Every structure is written in structure tokens, then in C-alpha cells.
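First residue of the sequence shown? That's 489 in the working numbering, and the numbers climb one at a time after it.
A short worksheet on the structure shown next.
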Amino acid sequence: MLLQVLLMGDFFFKKESKNDSGCYIMLTKDRKPICRTQCINPPGKMPAFWSISNILRYEKIEMPPGLPCCTLLPASENSQQEKEWGEFLGFLQKYNKVAVGKVEYYQFYIFPPKEENFKHVTVFYKEDKRRNNSGLARVLCDAKDLGVNVQPYDFLQFGMRLARSCMQNQLEPLPGGDATSSSCVAGERASPDCKLPDASGDEACNLKFKNNCKSEEAVGICGSVHSNSVQVHPSYLRTLGQAHSSWIFGALAEFIDNSRDAKATKLEISINMIYSNTAGKDIPMLSIIDDGHGLTHQEILRMISFGHKQPGTDDPDHIGRFGIGFKTGAMRLGKDALVLTQSANSRSIAFLSQSLNEGKDNLVIPIVSYRRTGKYMEIDSSIQDEGLAKENLKAIKEFSPFNKYLIGEKAGLFNEKGTGTQIYIWNLDEWGSNYSLQWEIGMPGGSSFHQGDILIRSRRVRSRPGQMAQMVPLDYSLRSYLEVIFFEPRMKIYVQGAPVKTRPLAKTLHNTVVKNGVILGKPVQFILGRCQLAWEQANCGIFLYWHGRLIEAYKRVGSMIHNGDNGRGIIGVIDLTDLMKDDKGLVWVHNNKQGFQDCEVYAELEKWLGARTDEYLDKYVNKLQLAKGAALLKPDHDWVQCDKCRKWRMLGDGFNSQILPADWFCYMKPFNGRCDMPEEKVEEGVVTISEKRYGYSNCSEDSTESGHRSSKDTKRRSKEISSQTADMDDQLVSYKKCRRSSRRTSKQ
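What follows is the structure in C-alpha cells.
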């Protein structure tokens, strides 16, 4: 879909300076800037970029005599360009060479300067034979010849300009031929589909750029004068937000998915107050910050585009698939969103705003992109000139709380790792006279009960068949939702500055049972057990994950649906990545990733889950007698996550996990292992011991003997853990005594 983005400036043509005798030009070589220059007495309205295609010795230049000339004066924007200008001309002078390039309709020759201070350089030029083929179509087709890396979205900003060009009869055919004979690339004839418009401005402007042009990424622009640019009305942004109208946390989940896809190890979500010049007061701003690999210019263009072609295969390492997550999520949460992202070699700022586009007939999305030059980030001249970048930044500062100092402050957050993405959303969705989201700051250093949180103000529990409980915290508490959002949590997540204690739900169950089966020829594994927290909240049901991310929670199946209290505290966990896709790569998950489509495989899944759950209820729940005073359902095993490798380690029976330090690593007690050791798997009531740690990989005993040994090892391990626990308790007591003693000494 074509979208008019990156407006508010001209990509190829800079505005002429007030002095009619000159204009500013960026001189480039191999798509890298040399220096910005001022061209004195140019032959006409020149492009903002001159690309040098070759450097030849003086005697090899075949140049007719009497060519006109112009002068280039250095007008560097920074010290780097000043240095490049001197080195470039010094090279020409030292080796007596001439720089040759092609720009618009001219071939130009930059001769080595005679003086040593390089204050100016003479440029001879000759007119190209295609001079009469003027207009924007020629510029677009020759973009690659000019040294500009033309990408699909680079054409989009010319949609309206192209329409105006058609109506003003600025596109002229080659002399001696009709419009259909015009070439798309220098030196080649176009296909019959590459046509220029007729003379009449009211005629259809049938201009199409096919893939057989040299620029393989060229996008088709065809249709009538009024369809050269897709008209996207700004009100469509509000429509996009309705994808998450039923649950606002679904919008936040879109950003969490993007962070995980970017291989982020840390994600921070918070709402803080910031002063807005437009509102004249402090307003809340939601921020989502990760340390992933960031986005390049082309990737951020893809992100703001309205959908893209779905991949042919289902990538198990990526959740993002439909190309609409950022837009739908941001516009559900607020009216305005700013993205600041940095990859290894670039930085980009994009502004998706309803406020900026208010009163406009077509959507405008300003973007400013930089590229790394040494230790600094400079405006990427291969994408936009300095004038366009300044206009886009001006629009961002006018319609957002961000000024150049705040942008610089936020960009400084990248210094720690160097890459990442920051998303800021303001003018948040409203709930009556307040906001749909409610935030609690929390107490620094306080207990888990005093940590900050982001809540849905309505506190409404989502409707599920058969559910009677009115206490479902993950429906309205972001902290509770993020605790179980991933099947195997790896990423460190912070809400309102406090870490979220994520937990792999399948590893926190009591009387765990692992069920393996086949549904429509595809294998599935279902983990079922009892959960103390779900018992206390009168909840039960199945947690359905896809690509390791929670899609449905507390889904009741089997007899759970018909008896509100039946199965209280029973929790099932299953990942459906392989099941919910067909052989063509299509998946059966909704594009908002909050449910599955009603299809055959989903119907069969419900039946299978219902049967397995009823079997578990008959075996463990309906016949289970709890001893007096033993109502607590402890997990079969305690698990802890290493803060370095993010793997989950089983601690075994009899160990008090509460005494572990906040930052725990694999080498510490009671694991005493290494980060490269594999994770233990969830099994049915069996304490798994790593073969690599205890050297039992070559066991030759029969199953009976192995069972006895396993039992003995488990008892021995329990004694070791109890001894280690006692040692750690003694160390803790000694540490507390030492602290009390130091306090008394300091007071004295």
C-alpha cells in the first residue's frame, strides 16, 4: 500500500538559497557524504546530491572543448566533512585525477584545484542527450543513477507531487517518439507498462514502474490522477486502535512482542508526568524502553506502514507477523506516539500523531534518520537532506513535549548498550474525566506489596464461559499479567521501576502431570497441576501460549465449564506454536493476538483438553483428601532463574527459596553449577538431577535398581540441601549480627 510519508520537504531538490546564483549541494562518493558545498552559477535547478561515480586520470578524460563550468565552495556542516573535503581534493591534486559523475541531465567533471588551501574547485559539465525528458518521472527513474538507494517507501513521499506534475503537464516525452518510448533507466528502453502521461492534464496518469527497471525495489504508481497517492485520512488512526478495544493490555502486549523479537534482555514500562507546552501543564506519558537490536531506517518505515506481506513461513523466533501491531497498539493507548530507535549504525525518530494530522486530508508521518560517522550520529544524507530533517524535527517539537534537549537526553539512554528502541505515548486514552490506565509509583526498596503497578481503571474482569471468580488480577494488573505472559520467561521486565517476578507457570504446579498426545496428526504436550494462587482466587483453567506468548488465560474446558467451582485451583499450560498453523505457513491466531480463530484444529483441541482435564480431576482432585493443616499446595519443585543466562534451575525438595539473594547465579548455592548446563524439564513428581553434574550418564543398571538409586540420591540430595540451608541461615545470622555491631560502633 502506498502511503504519503516523509512529507514536509523535497527528497531530491533542495530549496534554492536567497542568492539566485548558487545553491547547496551534498557531494557524495559510494553513497557516503564527502562535504556539503555551495554551487556558484549552476546550470539550473540542481539536485541536492551529486554522486561521484568514477575517478580517472586527467589524460584519460574524453571531454569536448569549450564546456561551461561552475564553482563549488566548501560549506561543511561539521569538522568531519571539512576533513573529507581536504582529503578528497588533496587526492585529486596529488595524483592528477578528475572526479566524474552524472547528475540529473548533466555529466560533470571535477578537476583538481591549483591552490593548496582548497577554497574552491572548478566543475565542467556537459548536457545529457535526454535533456528534454524533464519532470519528476525522469527523476524517479534515474534515482539509482544519482547514487540514491531507492527503496519502496522513498517513492511514497512523491505521490502528491507526482499527481501535481501530471496535472501541470510537466512530464514530456522524448523528442521524436511518443510517451511509451521513454526509458526508465539511462541507456535502456522501458517496457510497454512504463508509460508517461498524455499532454492533457485531465487524462489518466498511467505511470507505472515495473520490477524490470534496474531498481528492483521500485513500487508501482498507477491509476488516475487522484490515485497516484493513497489517501489515508488521519481519522483512520482512531479506527486502528479499535483492534484492542476490548482489553487495553492487548495494546501493550504488542510492544512487548516487538521487544522480544528484537532480542531485548531488558524492558522497562512506566508512566510518568511530563510538562507539555501544548497543554500548558504536566501530562502523563507512557514509556516502553528496551535494549534490543533497534531498527534501521527501512525497518522503521516498515513498522509505520499500514500492513505488509505476511511471511510464507511461520518463524518460531518471532511473534510479530501481521505488520499492524505498532499502529494498533499506540493508537489504542493514546493519540500521539514517538519512536526513538538506534541500531548498530543508525538512529531514527518517527512521529505517529493524531494531533499533528488534525485538520489534514492525508496522513503525514515525519521521520528523521541519522547514520553513524565515527563516534557521532549525523543526518543520513542518502535518505534526506538537512532541510527536510530540520522541518520534520520542527514538527515533532511543535506537537510533542520533546525539545532538542529532551531528545538528546533520551538518546543518551542508548549509551549503556548502544542499541535499543524507546516508545513514548501521550494524550492517553481517557476514562470519563480521568485516564483508562491508572498508575502507582510504589515505594523504592519496599516489599513486593509496595511495588509500583499499572492498572486498568475499570478493574473489570474479562468474560469467560463458566467463570464465576471476580478476582482475576492479570485482567487488570499489568504486573500480574507480565508475570505469566511468557511460557519460558527470559527477558528482565520492570514496571514503574520495580522488577517483575516472572514465573514459568508450568514449573509452579503441585501434583504435576505431563500429557502427550496427537491432534490432527500433530504432537502436543499438556502440563496440568494444582496452583495455590489460583486456589486462593477461586480460579482455574488452561493457559494457551503461541510462540511462547500467552494468548488465552483461564480457558475452561470439559466439566469446568458447567460447574463453576469444579476444578478450583487446577491450571493447565500448553504451547500451540506447531499446532496452530497449516502446511502453507498460515496461522490460526487473531491479528490482535488475543485469541484463536474458530477452526477445525481449535475445536479438536478443546475436546482433547477437556478429556485430559476430566481425567486429572477424577484421579487427583475428586478423591484427594487433605490432611488437617495441610491445605497449602506447594509446587512440586522450587525453581530459580539465573540473572546471567536467564535459565531456570530446579532447587529440589526441602530448600527454602526465600533465603536466596535477589541476584542469583548458577554458580551459587544450592545449584553450584554452570550457565552452560541444560535446563531441567518438568516431570511428574520426579526431582530431576543433572546427569552432567552427578556423572550418571553411563548407568547400566536395570530400571528397578535405577529407581532405588534415584530414591537414594533424592534423599541424599535432600540432606545436602538441608545442610546447605542451615549453613546459609548461619551465615545470614552472622551477617545480621555484624551489621548490628557496625551500627552500634558508628553511633558511638
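Yeah, the Cβ is synthetic: ideal placement off N, Cα and C, and Gly gets one too.
A quick note: this is a predicted structure, and the numbers were derived from the prediction, not measured.
Checklist entry - Alpha carbon to alpha carbon, what distance is there between Gln1013 and Ala1099? => result Whole-angstrom Cα-Cα distance: 14 angstroms.
Checklist entry - Across which residues does DSSP place Arg860 in a beta bridge pair? => result Met865
Checklist entry - Where does the unbroken alpha helix (DSSP H) through Arg815 begin, and where does it stop? => result Note that residue 815 corresponds to Lys in the displayed sequence, not to Arg. Where Lys815 is concerned, the enclosing alpha helix (DSSP H) stretches over 813 to 821.
Item to check | Helix, strand or coil at Ile1237 according to DSSP, with G and I counted as helix | outcome: The first residue shown for the chain is 489 and the last is 1236, placing residue 1237 beyond what the model contains.
Checklist entry - Taking DSSP as the reference, what is the three-state secondary structure of His998? => result strand
Next on the checklist: Buried or exposed for Ala625, going by 16 or more other Cβ atoms inside 10 Å?
Outcome noted: For Ala625, the predicted model reports a pLDDT of 41, less than 50, meaning its position is unreliable; a value from the coordinates is still stated below. Counting Cβ neighbours within 10 Å, Ala625 comes out buried, since at least 16 surround it.
Checklist entry - Can we count Gly589 as close to the ligand NAD, meaning its CB is less than 6 angstroms from some heavy atom? => result In terms of ligand content, the structure shown is empty, and the ligand NAD therefore cannot be addressed.
Checklist entry - For Leu925, which of Gly906, Cys1087, Gly940, Ser946 has the nearest alpha-carbon? => result Ser946
Next on the checklist: On the DSSP letters alone, give me the boundaries of the beta strand (DSSP E) that Glu756 sits inside.
Outcome noted: 754 to 764
Next on the checklist: Assuming contact is defined by CB atoms lying nearer than 7 angstroms, are Tyr1042 and Gly1055 in contact in what I supplied?
Outcome noted: no
Checklist entry - Among all the DSSP beta bridges, which residues are the ones paired with Gln1013? => result Asn1004
Item to check | Unbroken stretches of the alpha helix (DSSP H), 4 residues or longer, contained in the region 1019 to 1063 | outcome: 1020 to 1024
Checklist entry - Taking 7 angstroms as the CB-CB cut-off, is Leu943 touching chain D? => result No chain D is present in this structure, which holds just one protein chain.
Item to check | Within 7 angstroms, strictly: CB atoms of Thr990 and Gly1017 | outcome: Not closer than 7 angstroms, so no.
Item to check | Exposure of Pro552, with buried meaning 16 or more beta-carbon neighbours within 10 Å | outcome: exposed
Checklist entry - Could you give the C-beta distance for Leu1032 and Ile1059, rounded to a whole number, given that I count them as a contact under 8 angstroms? => result In this structure Leu1032 is not in contact with Ile1059, their Cβ atoms being roughly 12 angstroms apart against a cut-off of 8 angstroms.
Next on the checklist: Do Asn1027 and Ala957 have their beta-carbon atoms positioned less than 7 angstroms apart in this structure?
Outcome noted: Contact flag set, yes.
Item to check | Span of the alpha helix (DSSP H) around Trp1096 | outcome: Boundaries of the alpha helix (DSSP H) around Trp1096: 1088 to 1104.
Checklist entry - Leaving out five residues before and five after Glu928 in sequence, what residues of the same chain have Cβ atoms less than 6 angstroms from its Cβ? => result Gly940, Asp941
Checklist entry - Between the beta-carbon of His785 and the beta-carbon of Ile895, is there less than 7 angstroms? => result no
Item to check | For Glu874, the first and last residue of its enclosing alpha helix (DSSP H) | outcome: 874 to 886
Checklist entry - How about the region 898 to 915 and the region 539 to 559: do they share at least three Cβ pairs that are nearer than 8 angstroms? => result no
Checklist entry - Counting Cβ pairs, one atom from each stretch, are 3 or more of them under 8 angstroms apart for the region 965 to 972 and the region 760 to 779? => result no
Item to check | Ile1049 versus Gln955 - alpha carbon distance | outcome: For Ile1049 and Gln955, the distance between alpha carbons rounds to 7 angstroms.
Next on the checklist: Excluding the 5 residues flanking Arg1240 on each side, which residues of the same chain have their C-beta closer than 7 angstroms to its C-beta?
Outcome noted: A query on residue 1240 cannot be resolved here, the shown segment of the chain reaching from 489 to 1236 and no further.
Item to check | Complete beta strand (DSSP E) runs within the region 904 to 982 (minimum length 3 residues, chain order) | outcome: If we require 3 residues or more, the beta strand (DSSP E) runs fully inside the region 904 to 982 come out as 908 to 916, 925 to 930, 939 to 944.
Item to check | Straight-line Cα distance separating Lys607 from Ile540 | outcome: 20 angstroms
Checklist entry - When the Cα of Pro1011 is compared with those of Met1138, Ser888, Thr1065, Asn1144, which residue comes out closest? => result Of Met1138, Ser888, Thr1065, Asn1144, the smallest CA-CA separation from Pro1011 is found for Thr1065.
Item to check | N- and C-terminal bounds of the alpha helix (DSSP H) containing Glu742 | outcome: Element bounds for Glu742: 737 to 749.
Item to check | Three-way DSSP call (helix, strand, coil) for Met773 in this model | outcome: strand
Checklist entry - Taking the continuous beta strand (DSSP E) assigned at Tyr597, which residues delimit it? => result 594 to 598
Checklist entry - Apart from the five residues just before and just after Leu725, which ones in its own chain have a Cβ nearer than 7 angstroms to its Cβ? => result Met819, Gln842
Item to check | Distance, Trp1023 Cα to Thr996 Cα | outcome: It is roughly 13 angstroms from the alpha-carbon of Thr996 to the alpha-carbon of Trp1023.
Item to check | At least three beta-carbon pairs within less than 8 angstroms, the region 862 to 871 to the region 886 to 894 | outcome: no
Item to check | Pick from Ile884, Ala536, Asp1126, Asp1106 that is closest to Leu993, judged by C-alpha positions | outcome: Asp1126
Next on the checklist: What would DSSP say about Phe576, mapped onto helix, strand or coil?
Outcome noted: helix
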